[in-house]
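According to numbering that gives the first Met the number 0, the residues represented by the sequence shown are 0 to 554, in order. Where a beta carbon is used, it is the ideal one built from N, C-alpha and C, also for glycine. In this text the structure is predicted, and so the values were computed from the model without any measurement.
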Amino acid sequence: MTFNPASFAAQVAALLIVLAAVHKPLGIYLARVFEGTTSSRPERLFYRLAGVDADTEQTWSVYLRSVLAFSAVSILAVFGLQRLQGVLPGSGSLPGVDPWVAMNTAISFVTNTNWQTYVPETTVGIFVQMALLAVQNFLSAAVGIVVVVALIRGIARTRTDRLGNFWVDLARTSFRVLLPIAFVAALVMVLGGVVQNFWPTDVANQASGISQTIPGGPVASQEAIKILGTNGGGYFNANSAHPFENPNAFISLFEVFLILLIPSALPYAYGRMVGDQKQGYTVAAVMGTLWLASTALMGWAVAAGQGTATAAAGGLGEGFEQRFGPAPSAIFATSTTLTSTGAVNVAHDSLPPLAGGIAMVNMMLGEVAPGGTGSGLYGLLILSIISVFIAGLMVGRTPEYLGKKIGPTEMKLAAMYILVTPTLVLALSGITVLLPDIMANAPATGPHQFSEVLYAFTSGANNNGSAFGGITTSGPFMSVMLGLGMLLGRLLPIVLVLALAGSLARQGKVPASAGTVPTHGPLFGSLLLGVTVIMTALSYFPALALGPLAEGLLK
0 MTFNPASFAA QVAALLIVLA AVHKPLGIYL ARVFEGTTSS RPERLFYRLA GVDADTEQTW
60 SVYLRSVLAF SAVSILAVFG LQRLQGVLPG SGSLPGVDPW VAMNTAISFV TNTNWQTYVP
120 ETTVGIFVQM ALLAVQNFLS AAVGIVVVVA LIRGIARTRT DRLGNFWVDL ARTSFRVLLP
180 IAFVAALVMV LGGVVQNFWP TDVANQASGI SQTIPGGPVA SQEAIKILGT NGGGYFNANS
240 AHPFENPNAF ISLFEVFLIL LIPSALPYAY GRMVGDQKQG YTVAAVMGTL WLASTALMGW
300 AVAAGQGTAT AAAGGLGEGF EQRFGPAPSA IFATSTTLTS TGAVNVAHDS LPPLAGGIAM
360 VNMMLGEVAP GGTGSGLYGL LILSIISVFI AGLMVGRTPE YLGKKIGPTE MKLAAMYILV
420 TPTLVLALSG ITVLLPDIMA NAPATGPHQF SEVLYAFTSG ANNNGSAFGG ITTSGPFMSV
480 MLGLGMLLGR LLPIVLVLAL AGSLARQGKV PASAGTVPTH GPLFGSLLLG VTVIMTALSY
540 FPALALGPLA EGLLK
C-alpha cells in the first residue's frame, strides 16, 4: 500500500472547511441551549419522573454529588444487566457476561472510555447493545458537556455559589444536542450503507453450497452516537474497520467530521457565554493548530513507515484499511486519539512505531485538540489558567483570568488536575511491568511490549478506549487495573474542575488594567500551545523513550 499525499491533503482541507462552516452556528446553538430558561415537554416529563426541581440551581458540591451518584448508579445498572443477559429479551442464546468483563465494560462505557475487553459479536446481544451501551454513549457524552458548562458558568458568574442544575443540563444536552444530531447522522449513515436492522445474525447460502453467518443489528443508530459523543466502542470487534460500520470512503470521512463536530464548536459557545468571543477564537485556534500539526506528523510517520515491525510485515498493509489506503487511516487515527473517541479504522498495533507513538502522545496531551465532548475544552481551560499564572509571574502580578484572580486555591486545583492522569498512567504501567505473569498478556517483545502496556493505561486513564491490539486485558488483574485507571481518570478531574468552578464563581470581577495579561490573541495562544506541549513532554518523555521512540529508532 502506498501513501497518497494529495488525497491526504484534500481530505484534511475538506474537514477544516466544513468544520469552520459549522463552528459558529453550532456554537451559538450550544450557548443558547445552556443559557435558556424554558424546558421542552420531554424535559419536563423527565424532571417529574426524576423528582427534579428545574428551577433550583446547585452549588458545586451538590452538582458534583449529582455527577458521582449518577455515575455510580449507571455502573451498577450496566454491570447487573450484563450479568443477567441470559434471561433478558433480545439476547438470543448468549449467556450472562463474565463478571470481570462486565465490570470493566460498565466502568468503560459510563466513563466515556469504551475500552472493550470482549468480542461484541459473540459476547453481547441486541438488548445490551441498545439498552445499555448505546444509552451510555449518550449519557457519558452529556456528562462531559455539562461539566464544562459548569466551569464556564464559574468563570462567567460573580459572587455566587451556584453553577446550574446537573439534571437540567443533562436533560438539555441529551434532548436538544445529542439526540437530534445523532438522529440525522444515523440517517446519513444508513443512506451511506451502514447496517440498521434487528436481526443479530443471518445466514447466506452461496452458490457453492457454503453457508456464511452474517452479523447484523441496529448498527447505524449506535455508530452515530458512538462517533458523535466521542465514545468509540464498536458494534463489531473490528470497530470502524468493519464494512458494516464503515462501508465506504465518504462514511469514513463523515465519521471523522462527527468526531470533531461538538468539541470544535464548544469554544465558540464558551466565548459567547463569557461575553468575549476572542477567548473562544483563541482556544479554537490552539485546538486547531495542535490537530493540524499532529495530523501532519501522523501522515509523515505512516508514509515513512519506520521500524522493524513494519519491515517484518513487508511494509504498510497488515492492519490497515485496504479499501481506503493509509491516508484516511492516518487522519482517523489522529482524530480519535486527539479526542476521547478511541474508534479505529486501522489496527493501531499495526501503525509504524513512530506513528503509534504519535497516537500515544495525542492522548498524553490530555486529548485537548479538540478533545472529547466537554472534556477537551475543560482540559484546555485548565491549561489556560496555568498559562496565565506563568504569564503573571513573568510580569510580577497576581495572575487574572477573565477578571478572576488565580490564587493559591485555584492553582492547587489546576496543578492537581494536570498531575492526575500522568500519575495514573505511569504508576499503573510501572506496577504492571514488574509482574512477569501479567506482562505475558502483552505477547510482543522488547520496546513494543512496553509500548502495548503503556498505550493501554494511557488510553484507559485518558478515557480514550483505543488499544494496541496485541495486549490481552480480560483477566482479573488487567480488568481491575484498567477499571481503576478509567474510573479515576474520569472522576478525579471532574471533582477538581467543579471545585475550581465553584471557587471562581464566588469571586467578584477585577477590572482590567495596564498590567493585566490578555488571555486572547496570538501571543497568549502561543504560550498556551507551548505550555500544553511542555507539560506533556515533562511528564511522559522517559516512558516514551523506553517504548515507541526506542522501537522507531531500531533498524
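Of PHE197, GLY231, ARG171, the smallest CA-CA separation from GLY459 is found for GLY231. For the pair of segments examined, the segment 263 to 271 was found not to touch the segment 341 to 355: the number of CB pairs separated by less than 8 Å stays below three. GLY445 counts as exposed, since fewer than 16 other beta carbons sit within 10 angstroms of its beta carbon. In terms of Cβ geometry, ASN164 and GLY228 do not form a close pair [threshold 8 Å].
Partner residues in the beta bridge of LYS403, as assigned by DSSP, are TYR400. With fewer than 16 other Cβ atoms inside 10 Å of its own Cβ, ASN196 counts as exposed. Distance between SER512 and GLN57, taken at the CA atoms: about 33 Å. Counted as a single uninterrupted DSSP element, the alpha helix (DSSP H) harbouring GLN276 occupies residues 276 to 303. The Cβ atoms of ILE258 and PRO199 lie no closer than 8 Å to each other.
When DSSP assignments are scanned along the segment 448 to 521, the uninterrupted stretches of alpha helix (DSSP H) that are 4 or more residues long and fall wholly within it turn out to be 475 to 504. Rounded to whole angstroms, the gap between the alpha carbons of LEU427 and MET485 is 11 Å.
Taking C-alpha positions only, PRO94 is separated from GLY279 by approximately 49 Å.
When the alpha-carbon of THR122 is set against those of GLY192, TRP99, ASN111, the nearest one is in TRP99.
Cβ atoms of LEU252 and GLN506 stay farther apart than 8 Å, at about 44 Å. Per DSSP, reduced to three states, the secondary structure at TYR28 is helical. Going by C-alpha positions, MET393 is about 48 Å away from GLY233.
Residue burial is scored here from C-beta neighbours: SER39 has fewer than 16 other C-beta atoms within 10 angstroms and is therefore classed as exposed. By a beta-carbon distance limit of 8 Å, ALA354 contacts ALA300. Their separation comes to about 4 Å. GLU451 is classed as buried because its beta carbon has at least 16 other beta carbons within 10 Å across all chains shown. Assignment of VAL194 by DSSP, reduced to helix, strand and coil, places it in the coil class. Taking 8 Å as the cut-off, the Cβ atoms of ASN463 and GLU366 count as close. The alpha carbon of VAL360 has as its nearest neighbour, out of THR157, HIS519, THR335, PRO246, the alpha carbon of THR335.
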